[in-house]
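Asker: Each number in our numbering corresponds to the 1-based position in the sequence shown with 15 added. Below is the structure I would like to discuss, written out as structure tokens.
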Amino acid sequence: MLPMTDTTRASALGGTGASELFQLLRDGRPRTRAELSALTGLARSTIGLRLDVLAGLGLVGPVGDAVSTGGRPSTRVALVPGARVVLAADLGASHAHLALTDLLGRELVSRRGTIDVAHGPEAVLGWLVEQADDLLVDLGKARDDLIGVGLGLPGPVQFSTGRPVNPPIMPGWDGFDVPGLLRRHFDVPVLVDNDVNIMALGERTHAWPEADHFLFVKVATGIGAGIISGGRLQRGAQGIAGDIGHVQVPRGAGIPCHCGNVGCLEAVASGPAVAAALRRDGLDVATGREVVDLVRRGDVTSIQAVRQAGRDLGEVLTACVNMVNPSVIALGGSLAQAGEHLLAGVREVVYQRSMPLATEHLSIVPSRAGDRAALVGASMLAIHHALSPAALDELAAAV
Ligand SMILES: [Zn+2]
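The structure is reproduced here in structure tokens:
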């Protein structure tokens, strides 16, 4: 195969460079041709040709009139958010949440379901395809209207291939070609990532778009973090960056963890670990969610246990703060629903132990996107890829 030169790349869009111009319009803001010309340094006639190509794909259209300097109305153009739809999905151990969004990541229609991820990839992904088809019907759309799929899985994923890597709670999924199966049904790019990573993307998009150094920490059955550094999600060499649940903490000494080690953060501060500690104190509590219920009812023992879990988490996050120097740490996941008590424990340790310069402008806050974070992130992951210059050129070449 011949290497792709600038000329062949441009020829996919008729030599217009339209896909590059489109990157300016992806934020959805309407702009005049004059504004686009000023932003790019291109002649207005060139801008016009490129916009014609994008309009031909249905991705850009006129949005009402603005008064130009000559007093003549000049049409503004913008991304058409509803031109295509994106399938965003979040699979947990026993739940699934999926949605169709527009090209700005706004949810159009969604549903939740109960599915055991341990049933294996064929069964679970087959179910996901059926649910997605139902959503398309609900919205009056067809598979051809899809432009991309973003999917979060509850385990480590090699992002470049979309294949899970030794996922502990997903028997049968190790190395499975998840994008390959989904592409047999939906002929669009399929992006697969770890659920905490997509939650980090979603939380940042929803609440902290300016924060280029950002940690999202999920505290639920497991504990993990999504790291955004320099404005980019950091997945690490094998896709397990941010897997903080199995870092040893002082209070974990001698306590076995399901990973085979002893003393892990997850063994003392996850929802099930806190519930187990409370049972040893004589309380009748089985799950992390029941711990949250007890905290909300004001049970002092439970509040103290959650606060201590926050301190344990703070031990590990202190090291993360010194390593990554984030400006925001957002806490999500079911145990974070216990509100200020978990946060208070984290803050107590992080602010006490970190270097003053690292904490001077550090906010440690509850998740604002809540249970929407994963879907927003999955959608953004797919949109970012599907609307990239290379993907748009492919789309145009296929028309
Ligand atoms: Zn462990």
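Cβ atoms here follow ideal geometry from the backbone N, Cα and C, with glycine treated the same way.
From what residue to what residue does the alpha helix (DSSP H) around Asn209 run?
Answerer: To locate residue 209, count along the sequence shown from 1; it is residue 194. Unbroken run through Asn209 is the beta strand (DSSP E), Val205 to Asn209; no alpha helix (DSSP H).
Asker: Restricting to Cα atoms, I'd like to know which of Ser382, Phe174, Asp189 and Cys279 is closest to Val343.
Answerer: Here residue 343 corresponds to residue number 328 of the sequence shown, with the count starting at 1. Closest by alpha carbon: Ser382.
Asker: Would you list the residues sitting across from Val234 in a DSSP beta bridge?
Answerer: Numbered from its first residue, the sequence shown carries residue 234 at position 219. According to DSSP, Val234 bridges with Ile238.
Asker: Starting from the N-terminal side, write out each stretch of the alpha helix (DSSP H) that is 4 residues or longer and does not extend beyond the region 172-232.
Answerer: Segments of the alpha helix (DSSP H) lying fully in the region 172-232: 193-200 and 210-222.
Asker: Is the region 347-365 in contact with the region 286-303, if contact means three or more CB pairs nearer than 8 Å?
Answerer: The region 347-365 vs the region 286-303: in contact.
Asker: Sorry if obvious, but does the Cβ on His200 come closer than 7 Å to a heavy atom of ligand 1?
Answerer: For the purposes of this step, residue 200 is taken as residue 185 along the sequence shown, with counting starting at 1. Incorrect: His200 has no Cβ contact closer than 7 Å to ligand 1.
Asker: To which residues of the same chain is Thr221 closer than 8 Å at the C-beta, ignoring the five residues directly before and after it?
Answerer: Locating residue 221 in the sequence shown gives position 206, counting from the first residue. Here the sequence assigns His to residue 221, which means Thr is not the residue at that position. Closer than 8 Å at the Cβ level, and outside the excluded window around His221, lie Arg383, Ala384, Arg387, Ala388 and Val391.
Asker: When you get a sec, list the residues whose CB is within less than 5 Å of any heavy atom of ligand 1, chain order please.
Answerer: The answer, residue by residue, is His261, Cys272, Cys274, Asn276 and Cys279.
Asker: Using the Cα positions of His400 and Leu151, report the straight-line distance between them to the nearest angstrom.
Answerer: If you number the sequence shown from 1, residue 400 lands on position 385. If you number the sequence shown from 1, residue 151 lands on position 136. Spanning the two alpha carbons is a distance of roughly 21 Å.
Asker: Can the beta-carbon of Ala15 be found closer than 8 Å to that of Ala98?
Answerer: Outside the displayed range of the chain (16 to 414) lies residue 15, so it cannot be described from this structure.
Asker: When DSSP labels each residue in this structure, what does Asp296 get in the three-state scheme?
Answerer: On the sequence shown, position 281 is the one that residue 296 refers to. Here Asp296 sits in coil by DSSP.
Asker: Per DSSP, which residues does Leu103 bridge with? Please list them.
Answerer: Numbered from 1 along the sequence shown, position 88 holds the residue referred to as residue 103. Residue 103 is actually Ala in this sequence, not Leu. Ala114 and Gly165.
Asker: Within this structure, are the beta carbons of Ala393 and Leu248 separated by less than 8 Å?
Answerer: Against the sequence shown, residue 393 aligns to sequence position 378. Against the sequence shown, residue 248 aligns to sequence position 233. The answer is no: Cβ separation not under 8 Å.
Asker: In angstroms with no decimal places, state the Cα-to-Cα distance between Gly297 and Ala290.
Answerer: Locating residue 297 in the sequence shown gives position 282, counting from the first residue. Locating residue 290 in the sequence shown gives position 275, counting from the first residue. The straight-line gap from Cα to Cα measures roughly 11 Å.
Asker: For Ala268, tell me which candidate among Ala284, Asp258 and Gln253 has the shortest Cα-Cα distance.
Answerer: In the sequence shown, residue 268 corresponds to position 253, counting from 1. Answer by Cα proximity: Ala284.
Asker: Determine the closest residue to Leu154 out of Val205, Arg199 and Arg126, with distance taken between C-alpha atoms.
Answerer: Taking the sequence shown and counting its residues from 1, one reaches residue 154 at position 139. Here the closest residue by C-alpha is Arg126.
Asker: Please report how far the alpha carbon of Ile379 lies from the alpha carbon of Glu225, in whole angstroms.
Answerer: Along the sequence shown, one-based indexing puts residue 379 at 364. Along the sequence shown, one-based indexing puts residue 225 at 210. Answer to the nearest angstrom: the Cα atoms are 16 Å apart.
Asker: Do Asp202 and Leu396 count as a contact pair if the criterion is CB distance below 8 Å?
Answerer: Here the question's residue 396 lines up with position 381 in the sequence shown. Here the question's residue 202 lines up with position 187 in the sequence shown. Not in contact: Leu396 and Asp202 (Cβ atoms no closer than 8 Å).
Asker: Would you mind sorting Ala413 into buried or exposed? The rule is 16 or more other CB atoms within 10 Å of its CB.
Answerer: What you label residue 413 is simply residue 398 of the sequence shown in a count that begins at 1. So Ala413 ends up on the exposed side.
Asker: Identify, in the order they occur along the chain, each residue of the same chain with its Cβ nearer than 8 Å to the Cβ of Asn337, setting aside the five sequence neighbours on each side.
Answerer: The residue you call residue 337 lines up with position 322 of the sequence shown. Contacts found: Ser369, Met370 and Ala373.
Asker: In three-state DSSP terms, what is Ala284?
Answerer: For the purposes of this step, residue 284 is taken as the residue at position 269 of the sequence shown. DSSP places Ala284 in helix when its eight states are reduced to three.
Asker: Identify every residue that forms a DSSP beta bridge with Gly275.
Answerer: As a working note, residue 275 is residue 260 in the sequence shown. Per DSSP, none; premise fails for Gly275.
Asker: Can you look up Thr302 in the DSSP assignment and give me helix, strand or coil?
Answerer: Your numbering for residue 302 matches position 287 in the sequence shown. DSSP places Thr302 in coil when its eight states are reduced to three.
Asker: Counting pairs of beta carbons, one from the region 64-81 and one from the region 359-366, are three or more of them closer than 8 Å?
Answerer: Counting Cβ pairs under 8 Å, fewer than three are found: no touch.
Asker: Terminal residues of the continuous alpha helix (DSSP H) containing Val152?
Answerer: Within the sequence shown, numbered from 1, the residue matching residue 152 stands at position 137. It spans Pro136 to Asp153 - the alpha helix (DSSP H) in which Val152 sits, taken as one unbroken run.
Asker: Thinking Val232 and Leu332 are a contact (beta carbons under 8 Å), I'd like their distance in whole angstroms, please.
Answerer: Start at 1 with the first residue of the sequence shown, and residue 232 comes out as number 217. Start at 1 with the first residue of the sequence shown, and residue 332 comes out as number 317. Val232 to Leu332, Cβ: 7 Å. Contact.
Asker: Whole angstroms are fine: how far does the CA of Gly120 sit from the CA of Leu216?
Answerer: Within the sequence shown, the letter at position 201 stands for residue 216. Within the sequence shown, the letter at position 105 stands for residue 120. Using only the alpha carbons, I get a separation of about 12 Å.
Asker: Which residue or residues does DSSP assign as beta-bridge partners of Thr47?
Answerer: Translated into the one-based positions of the sequence shown, residue 47 becomes position 32. BP columns for Thr47 point to Arg91.
Asker: From the DSSP output, in three-state form, read off Leu119 for me.
Answerer: The residue given as residue 119 occupies position 104 in the sequence shown. The answer is coil: DSSP assigns Leu119 none of H, G, I, E or B.
Asker: How would you call Asp149, buried or exposed, if buried means at least 16 neighbouring beta carbons within 10 angstroms?
Answerer: Residue 149 sits at position 134 when you count from the first residue of the sequence shown. Its Cβ having fewer than 16 others within 10 Å, Asp149 is exposed.
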